[in-house]
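S.K.:
Number of protein chains: 2
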Amino acid sequence: MRYELYYWAGIQGRGEFVRLALEEGGAEYTDVAREAGGENAMQRLLGEGSAHLPFAPPFLRAGELVIAQTANILFYLGGRHGLAPADEAGRLWAHQLQLTIADFVDEIHDTHHPIASSLYYEDQRQEARARTADFLKSRAPKYLGYFERVLERNKAGDRHLVGASLTYPDLSLFQIVAGLRYAFPRAMTRLEPKFPRIVAVHDIAAARPRIAAYLASDRRIPFNQHGIFRHYPELDTDG
Amino acid sequence: MRYELYYWAGIQGRGEFVRLALEEGGAEYTDVAREAGGENAMQRLLGEGSAHLPFAPPFLRAGELVIAQTANILFYLGGRHGLAPADEAGRLWAHQLQLTIADFVDEIHDTHHPIASSLYYEDQRQEARARTADFLKSRAPKYLGYFERVLERNKAGDRHLVGASLTYPDLSLFQIVAGLRYAFPRAMTRLEPKFPRIVAVHDIAAARPRIAAYLASDRRIPFNQHGIFRHYPELDTDG
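This is the structure in structure tokens:
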């Protein structure tokens, strides 16, 4: 079965967490919005298309199914492409970690849009400074400290979040590190040495043959100032 | 099996979405933090207790399992207590809706804490006004419009979000309506007539015998100014 991924064409955004799983899973997929006419097809599905109406992209068409919400898509893909444990306890644990990553992603987004997604960054810059200061001082270290501890306590070894092999939350953690490096290079220089296991998970994921090939391809959209991770030098303090 | 729910003792918060499912499901559970010494037991589990370390409450102990993240807990409970469809497509759809409710809840929380959870409301009141104005004008109608449309398009009837009977997202939608009425009575007076199906779901859930008994009991913590839904009259505009 060939999947159809629906997500905005110009950004990594939340769609990237799905792309990484599709790529590592060796799944065949069409990145619909990046094809000619694709954004229109996506808007059509959002407007009226399916029985299981998505609130927002990303969503995945898998045969008859249309699945939305990033973590929900990963839950579905994880079980089918060897990116999640087979047992229920393991699947719930991987999903729990993914939902915590989703919370982290929301907070990363809100550093540059603390007042309203519908306003320009420039119209909430002052508030963005205050929110980002708190984020870099408290929230980012709290989330990173949590995932470092999860790695440290994994009985199967600290190279993966769940069990002894790579699962979809590892891929998402890779993306978090890559994105934070783009958005906050100065703060990350200070933070990274405190979280060596997280950095190792990033490196392990980046070195997987399929992920390495993906990152080197033009399927990987470069980070830019329209996605979740944005680099505004005035926000990137030492914390 | 008797469940143990771990959540802050003094607020409904995110724990309430789990409590409603436990109550409607007729599950036996202990609300641990509300017992003597319970908050200490919770802090201990958060600090070091379990193999599957939670990032934050709520979390549920179910025999050997410790499950965190509200939507993940509901996914688990839904399948065991007749509060979710049995088939995979239905379970993913219910979960997708729950994750969208979780996003809505995050945005409701951030109306009064747009800059930092660690700061008092009074220290971010100006920013809270701006964020709430956008929330009441754009975001709340967008989410409510979405759920109204989902109800309208449910082929099994518009009295439930998923299929022909009550599922856990219905209970969470009840809580959203109850909470928004507490926090924004003025805005809700204006909004509610536009979303009659959502109001009906609220009423249907409230009339279920187990939910009605729960709401009348002292197990239901009253809304207050420490939870997700807070009533600050200066934020509650006509939109």
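Quick note, the sequences are listed as chains G and X, same order.
Quick note, the first sequence lines up with residues 1 to 239 if you use this note's numbering.
Quick note, the second sequence lines up with residues 240 to 478 if you use this note's numbering.
Cβ atoms here follow ideal geometry from the backbone N, Cα and C, with glycine treated the same way.
1. Quick check on V162 (chain G): does DSSP put it in helix, strand or coil?
2. Are any of the Cβ atoms in chain X nearer than 9 Å to that of T30 (chain G)?
3. Where does E4 (chain G) fall in DSSP's three states?
4. Might you give, ordered along the chain, the residues of its own chain that have their beta carbon closer than 6 Å to the beta carbon of I221 (chain G), omitting 5 neighbours on each side?
5. Between the region 352-386 of chain X and chain G, which residues of the former have CB atoms less than 7 Å from a CB of the latter, in chain order?
6. Spatial neighbours of Y214 (chain G) within its chain, please: C-beta separation below 7 Å, excluding the five flanking residues on both sides.
7. Have a look at G:Q126, G:A140, G:W93 and flag the residue whose alpha-carbon is nearest the alpha-carbon of D103 (chain G).
8. Can you name the residues that DSSP bridges to R61 (chain G)?
9. Are H320 (chain X) and L304 (chain X) closer than 9 Å when you measure CB to CB?
10. How close, in whole Å, do the beta carbons of H441 (chain X) and V416 (chain X) come, if the pair is a contact with beta carbons under 8 Å?
11. Would the beta-carbon of Y245 (chain X) fall within 9 Å of that of A275 (chain X)?
12. Measuring alpha carbon to alpha carbon, tell me which of X:L322, X:R258, X:P353 ends up nearest D457 (chain X).
13. Rounded to the nearest angstrom, what separates Y121 (chain G) and P233 (chain G) at their Cα positions?
14. Got a sec, what are the start and stop residues for the alpha helix (DSSP H) D103 (chain G) sits in?
15. Whole angstroms are fine: how far does the CA of H351 (chain X) sit from the CA of R364 (chain X)?
16. Let me check one thing: in DSSP terms, what residues is Y29 (chain G) bridge-paired to?
17. Under a Cβ-count criterion, where at least 16 other Cβ atoms within 10 Å of its own Cβ denotes burial, should D477 (chain X) be classed as buried or exposed?
18. Cβ closer than 7 Å: which chain G residues qualify as neighbours of I306 (chain X)?
19. So, at 8 Å on beta carbons, what are the nonlocal neighbours of L144 (chain G) in its own chain, with the 5 sequence-adjacent residues on each side left out?
20. Quick check: what's the CA-CA separation for R420 (chain X) versus Q282 (chain X)?
21. Return the residues of the region 337-348 of chain X that lie within a Cβ-Cβ distance of less than 7 Å from chain G, sorted by chain order.
22. Against V389 (chain X), what residues of chain G qualify as contacts under a CB-to-CB distance less than 8 Å, listed in chain order?
23. Please confirm if A328 (chain X) has its CB atom under 9 Å from at least one CB of chain G.
24. Is Q282 (chain X) helix, strand or coil when you go by DSSP?
25. When you compare each of G:A216, G:L173, G:E152, G:M188 to H231 (chain G) by their alpha carbons, which one comes out closest?
26. Return yes when the Cβ of R300 (chain X) is within less than 9 Å of the Cβ of E346 (chain X), no when it is not.
27. Between P297 (chain X) and A248 (chain X), what straight-line distance do the alpha-carbon atoms span, to the nearest angstrom?
28. Using a C-beta cutoff of 9 Å, does F75 (chain G) count as contacting chain X?
29. Let me know the secondary structure DSSP gives D409 (chain X) once reduced to three states.
30. Taking 9 Å as the threshold (C-beta atoms), are Q175 (chain G) and E17 (chain G) in contact?
31. Would you mind working out which of G:P114, G:G25, G:A183, G:A89 sits nearest A130 (chain G), comparing C-alpha positions?
32. I'd like the span of the alpha helix (DSSP H) that includes F468 (chain X), first residue to last.
33. Leaving out the 5 sequence neighbours to the left and right, which residues in its chain are closer than 7 Å to I67 (chain G) when beta-carbon positions are compared?
M.R.: So, from the data block:
1. coil
2. Taking Cβ atoms only, chain X never reaches closer than 9 Å to T30 (chain G), which makes this a no.
3. strand
4. Q12
5. P353, I354, A355, S357, E366, A369, R370, D373, S377, Y385: these are the residues of the region 352-386 of chain X whose beta carbon lies less than 7 Å from some beta carbon of chain G, given in chain order.
6. E23, R220
7. G:A140
8. Partner(s): G:E4, G:V66.
9. no
10. 4 Å
11. No.
12. X:R258
13. About 13 Å.
14. 88-112
15. 7 Å
16. Note: Y29 (chain G) sits in a beta bridge opposite G:Y3.
17. It is exposed - the Cβ of D477 (chain X) has fewer than 16 other Cβ atoms within 10 Å.
18. For I306 (chain X), the neighbours in chain G by C-beta distance under 7 Å run, in chain order, L92, Q96.
19. L191, K194, F195, I198
20. 32 Å
21. L338, T339, D345
22. L53
23. Cβ-Cβ to chain G under 9 Å: yes for A328 (chain X).
24. helix
25. Out of G:A216, G:L173, G:E152, G:M188, G:M188 has the C-alpha closest to the C-alpha of H231 (chain G).
26. no
27. Computed Cα separation, rounded: 11 Å.
28. yes
29. helix
30. Note that residue 17 (chain G) is Phe in the sequence shown, not Glu. Cβ distance < 9 Å, so F17 (chain G) and Q175 (chain G) count as in contact.
31. When G:P114, G:G25, G:A183, G:A89 are compared, the shortest CA-CA separation from A130 (chain G) is found for G:P114.
32. Note, F468 (chain X): premise wrong, no alpha helix (DSSP H); not H, not E.
33. Excluding sequence positions up to five before and after I67 (chain G), its CB lies within less than 7 Å of the CB of F59, L60, I73, Y76, all in the same chain and listed in chain order.
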